[in-house]
Each structure stands twice: as structure tokens, then as C-alpha cells.
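Trainee: One structure coming up, written as C-alpha cells, with questions to follow.
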Amino acid sequence: MPPLRVFVTGGGRGIGRAIALRFAREGAKVCIAARTSDELDKVVEEINKAGGEGCPSQMNIVDYGTVEAGVYRAVEFFGGAIDVLVNNAGDFETRPFEKMTPAVWERMIDVNLNAHFYVTLESIAALLESGKPHVFNIASTAAKRGFAENTAYCASKWGMRGFGEALRAEFAAKGMRVTNVYPGQTDTTIFDGVPGQWDRTKMNKPEDVAEIVYATWRAPAGAPVDDVDVPPRS
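Take the position in the sequence shown, starting the count at 1, then add 519; the result is the number in our numbering.
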């Protein structure tokens, strides 16, 4: 069988990197998207060492023009089709609502919602060329409940959840699976700049989420998994 073709946004670190490496260990061709070339080059090298074949696709995920070019590069690398798309890129900031600004709100919506629309729209034709297309939206528990001082983040993640559900309803008849993944707090660099005390020993590890994504992809086509909760460690 030809190798699986996997495209991961936000693949330069954290959950995206872990998912890319998990599929690479199965011999997949993995294209990762991120803004910085240093991160991309490092993870591509890790993908190759893990047994896969890596490709970097540098893009600013909120700039539709660079997304068009980045997806084109991925599809060219894959030879015309994408089997698995992982919409993973994201941003996070806590802020009391009274101190919310339009700039912060718009950034959350742009990165956590609009960007995934851009990437999926540009990828849909290549996904439908696959015999078994699967889209993973890495959302958050904030897509299922509200958290104080997280209005922008929660709104963006609820939007991502609705986007995935509508996409599934529209393309299920064409054989495309869409899974929304809801990780709890996960120990990534996104918490490095967030004020407050965070007990990282109780957080998920990126590899936990990656294993669940891979296991979900392996589920039989006749038993699709629409939603996956990944609660933090107790």
C-alpha cells in the first residue's frame, strides 16, 4: 500500500508535532505547516528519523494567500491527495472580559477558527481525491463549556466545534470522516506565557493526544468516531 498522506497545521511544536511523529512511525508522508522555518526543519528531520517522509510548509495560517501556497506545496508533495488533515494550529490567552480588546478577540477568532476554514477550504479537493479522507479538528474542552476570563478563546473553540459538525454533515455521504478532539489542559509551550500557577504534572502530554488521534484514525470506516474527549490527568 502507498504511504498515508498526512497534513498537520501547527506541526512545529506541541500536539501538532506529536501527531506528526506518531504517523511518521507508521511510515507516513507527513507535511507540517508552521510560521517559523527553524521549527519546521527540526521536526521534518525528526519525522524522517522516525521512519516517515517529512515536508515543511511555511505559512502564516491567518493569511489566506500564504495558506493557498502552503496547501499547494503539501498537495504537490503528496502527489495530489490528502488522506488526513489535522487542523491543530491555535492560540490561547486568558483575559477578564472587561479588559478584552477587539484586537485580542479578532486574533483568537482568526487563529482558532478562520485559519481552519482557510486550510480546509484549500484542502477539500485533495481530501476528496483520497479513498479514505479524515479531518481532525483539535479543539479544546473550551468548545464544550465556558470558562471565566476566556470569552474569546471559548467562542473561537465553540466555532471550531460547529465548523467540524457541519463539515461532517455535508461530506459524510462522500466518505469523509470528521472528528472533533477535545483535549483538556495539555503540557505545551502555550502555557509558558500565560499568567498564573499551572500544575503541569496533571496536564495531558502531547503524546497522549497523538495516540488518541492515531487510534481514532484506525477505527473502522463503518464505526466513525465523531467526538473524542481527552480529559487531563487526575
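Yeah, the Cβ is synthetic: ideal placement off N, Cα and C, and Gly gets one too.
Tell me which residue opens and which closes the alpha helix (DSSP H) that A593 is part of.
Mentor: Taken as a continuous stretch (DSSP letters only), the alpha helix (DSSP H) holding A593 covers 583–597.
Trainee: Would you give the residue range spanned by the beta strand (DSSP E) that A553 belongs to?
Mentor: Note, A553: beta strand (DSSP E), 548–553.
Trainee: For the region 594–682, which segments carrying the alpha helix (DSSP H) assignment without a break, of at least 4 residues, lie completely within its bounds, in sequence order?
Mentor: For the region 594–682, whole alpha helix (DSSP H) runs of length 4 or above, ordered along the chain, are 621–628, 634–647.
Trainee: Whose CA, out of R541, A674, P725, A588, lies closest to the CA of G573?
Mentor: Taking only the C-alpha atoms, the option nearest G573 is R541.
Trainee: Whose C-beta lies closer than 7 Å to the C-beta of A740 among residues of the same chain, with five residues either side of it excluded?
Mentor: So the list reads K651, once near-sequence residues are dropped.
Trainee: Tell me the rounded alpha-carbon separation between R696 and A645.
Mentor: Approximately 14 Å between the Cα atoms of the pair.
Trainee: Is any beta-carbon of chain C found at less than 8 Å from that of E668?
Mentor: Here there is only one protein chain, and chain C is not present.
Trainee: Near A746, what residues of its chain come up, given a Cβ to Cβ distance below 6 Å and the 5 sequence neighbours on each side ignored?
Mentor: The identity of residue 746 in the sequence shown is Asp, whereas the question assumes Ala. Cβ neighbours of D746 beyond the five flanking positions: N699.
Trainee: Between the alpha carbons of G546 and T639, how many angstroms are there, rounded?
Mentor: Cα-Cα distance, rounded: 24 Å.
Trainee: Between which two residues does the beta strand (DSSP E) holding E545 run?
Mentor: First-last for E545: undefined, no H or E at that position.
Trainee: Helix, strand or coil for V732? Go by DSSP, reduced to three states.
Mentor: If DSSP states are grouped into helix, strand and coil, V732 belongs with the helices.
Trainee: For A742, which residues from the same chain have a beta carbon less than 8 Å from its beta carbon, with the 5 sequence-adjacent residues on both sides left out?
Mentor: Around A742: no qualifying Cβ.
Trainee: Within this structure, are the beta carbons of A662 and R680 separated by less than 8 Å?
Mentor: Yes, the Cβ-Cβ distance between A662 and R680 is below 8 Å.
Trainee: Quick one: Cα of I534 to Cα of V581, how far?
Mentor: Spanning the two alpha carbons is a distance of roughly 19 Å.
Trainee: Can you give me the Cβ contacts of N631 inside the same chain, cut-off strictly under 8 Å, excluding the 5 residues immediately before and after it?
Mentor: Excluding residues within five positions, the ones whose Cβ falls inside 8 Å are G609, D610, Y672, S675, K676, G678, M679.
Trainee: Helix or strand or just coil, what does DSSP make of P725?
Mentor: Helix at P725.
Trainee: With distances taken Cα to Cα, identify the nearest neighbour of L604 among A622, D560, A569, V549.
Mentor: Nearest of A622, D560, A569, V549 to L604, Cα basis: V549.
Trainee: Taking the alpha-carbon positions, what's the N723 to E625 distance?
Mentor: Roughly 28 Å separates the two Cα atoms.
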